Amino acid sequence: NAGVTQTPKFQVLKTGQSMTLQCAQDMNHNSMYWYRQDPGMGLRLIYYSASEGTTDKGEVPNGYNVSRLNKREFSLRLESAAPSQTSVYFCASTPSYNEQFFGPGTRLTVL
Amino acid sequence: EDQVTQSPEALRLQEGESSSLNCSYTVSGLRGLFWYRQDPGKGPEFLFTLYSAGEEKEKERLKATLTKKESFLHITAPKPEDSATYLCAVQVAGQGNLIFGKGTKLSVKP
Numbered sequence: 003n004a005g006v007t008q009t010p011k012f013q014v015l016k017t018g019q020s021m022t023l024q025c026a027q028d029m030n031h032n033s034m035y036w037y038r039q040d041p042g043m044g045l046r047l048i049y050y051s052a053s054e055g056t057t058d059k060g061e062v063p064n065g066y067n068v069s070r071l072n073k074r075e076f077s078l079r080l081e082s083a084a085p086s087q088t089s090v091y092f093c094a095s096t097p098s099y100n101e102q103f104f105g106p107g108t109r110l111t112v113l
Numbered sequence: 003e004d005q006v007t008q009s010p011e012a013l014r015l016q017e018g019e020s021s022s023l024n025c026s027y028t029v030s031g032l033r034g035l036f037w038y039r040q041d042p043g044k045g046p047e048f049l050f051t052l053y054s055a056g057e058e059k060e061k062e063r064l065k066a067t068l069t070k071k072e073s074f075l076h077i078t079a080p081k082p083e084d085s086a087t088y089l090c091a092v093q094v095a096g097q098g099n100l101i102f103g104k105g106t107k108l109s110v111k112p
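Residue numbers (this note's numbering), protein chains in the order written: chain A, 3 to 113; chain B, 3 to 112.
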């Protein structure tokens, strides 16, 4: 089992560019989450998908969109990147209302 | 407002010097409290889940405890490899999301 995988590991964008962060899990989990982690701010929830076919906003959804492509995959899209979106992005999954398992993260810099 | 506060922000210990990390929380209804370990450049790694006041869980040199207002992560005789950031998170009753604290960065010197 690879667990939760994320691509890419690192990315540098210019302001206004778009990109999609990919996340996949092979644990047959129902729920998936996207967080961002900034120094001094802790982990903050961007969007989540409680089950295949559903998505909901978290604490900081502005500037992001998500797609739950199937049970395994949950992508995060930045349509027009801004320097304030420079952060480390983590994807997580859980079978239900239990502990969440995290991926290795994507380190994004927006210039 | 649901809130999680961890203290101290940073803790430096000598190898073998036992101590505790604190996680205090204010939530409308607690379903569970979670402890994670995060190494630099890595994703958080799950350690424990606690569900009710009085519950305790242990793993090697770590022991987590829970009261109605806070949780403690006790580290007994720590080793340098225990150096990491320890994150606490709460799950509110009826919700699947986790609310994280900002973490405690632990450094253990040989």
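Note that CB positions come from ideal geometry on N, CA and C, so glycine has one too. Note that the structure is a prediction, hence the values are computed from the model and not measured.
### Task
Using a threshold of 8 Å, state whether the C-beta atoms of residue 33 (chain A) and residue 105 (chain B) are closer than that.
For the pair residue 33 (chain A) and residue 105 (chain B), the CB atoms are not nearer than the 8 Å cut-off.
### Task
Give the straight-line distance between the Cα atoms of residue 8 (chain B) and residue 28 (chain B), rounded to the nearest whole angstrom.
Straight-line spacing of the CA atoms in residue 8 (chain B) and residue 28 (chain B) works out to 12 Å.
### Task
Say whether chain A places a C-beta atom closer than 8 Å to the C-beta of residue 51 (chain B).
yes
### Task
May I have the straight-line CA-CA distance separating residue 60 (chain B) from residue 16 (chain A), to the nearest angstrom?
46 Å
### Task
Just mark residue 12 (chain A) as buried or exposed, buried being the case when its beta carbon has 16 or more other beta carbons within 10 Å.
exposed
### Query
In this structure, does DSSP put residue 58 (chain A) in helix, strand or coil?
Here residue 58 (chain A) sits in strand by DSSP.
### Task
Go to residue 34 (chain A), then tell me how far its beta strand (DSSP E) extends in each direction, as first and last residue.
Looking at the DSSP string, the run of the beta strand (DSSP E) that includes residue 34 (chain A) is 33–40.
### Task
Please list the residues of the stretch 46–71 of chain B that have a C-beta atom closer than 8 Å to any C-beta atom in chain A, keeping them in chain order.
46, 47, 48, 51
### Test item: CB-CB of residue 80 (chain A) and residue 66 (chain A) under 8 Å
yes
### Task
Spell out whether any CB of chain B is found under 8 Å from the CB atom of residue 45 (chain A).
yes
#### Entry: Distance between residue 14 (chain B) and residue 84 (chain B) (C-alpha atoms, nearest Å)
11 Å
### Task
Check each residue of the stretch 75–89 of chain A: if its Cβ is closer than 9 Å to any Cβ of chain C, include it; give the result in chain order.
This model lacks chain C altogether; the protein chains it does include are A and B.
### Query
Along the chain, where does the beta strand (DSSP E) that runs through residue 22 (chain B) open and close?
Segment 21–28, the beta strand (DSSP E) holding residue 22 (chain B).
### Task
With 8 Å as the threshold, decide whether the Cβ of residue 103 (chain A) is near any Cβ in chain B.
yes
### Task
Put residue 89 (chain A) into one of helix, strand or coil per three-state DSSP.
Note: residue 89 (chain A) maps to strand in three-state DSSP.
### Task
Please look up how many angstroms separate the CB atoms of residue 105 (chain A) and residue 6 (chain A), rounded, as I've assumed it's under 8 Å.
4 Å
### Task
Assign residue 11 (chain B) to one of three DSSP states: helix, strand, or coil.
coil
### Cβ neighbours of residue 63 (chain A) in the same chain (closer than 8 Å, five flanking residues each side left out)
Here the set comprises 48, 49.
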